[in-house]
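K.L.:
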Amino acid sequence: MTVHIEAWRIAVLVIGSVVGYFVFKHTQRATPGQPSGMGDATAAIAAAVGVISALVILFG
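Read left to right, the sequence shown gives residues 0 to 59 (numbering that gives the first Met the number 0).
#1: Short check: CB of Ala47 to CB of Val18, under 8 Å?
#2: If we call anything under 8 Å between Cβ atoms a contact, is Ile44 one with Tyr20?
#3: Specify the secondary structure class of Thr1 as computed by DSSP and reduced to three states.
#4: How many Å lie between Val55 and Val13 at the Cα?
#5: Along the chain, where does the alpha helix (DSSP H) containing Thr41 start, and where does it finish?
This is the structure in structure tokens:
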């Protein structure tokens, strides 16, 4: 079975991944008492991709 994914949906998914990566790069922990540092890049990108995928399925 072949699944055809339209080009604009792939573009939205890629843009969501890039935005998730840049949000990850520009965030810091704000919890007092813990060493400062960034979170997990994989989780940030996965969250962005999950949200974009859900929105495309919901509104597409």
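All C-beta atoms in this analysis are idealised placements derived from N, C-alpha and C, irrespective of residue type, glycine included.
These numbers come from a predicted model, not from an experiment.
P.N.:
Looking at the atomic coordinates:
#1: With respect to Val18, Ala47 sits close: the two C-beta atoms are nearer than 8 Å.
#2: It is a contact, given that the beta carbons lie within the stated cut-off.
#3: Thr1 falls in the coil class under three-state DSSP.
#4: Answer to the nearest angstrom: the Cα atoms are 13 Å apart.
#5: Ala40 to Phe58 is the span of the alpha helix (DSSP H), which, as asked, contains Thr41.
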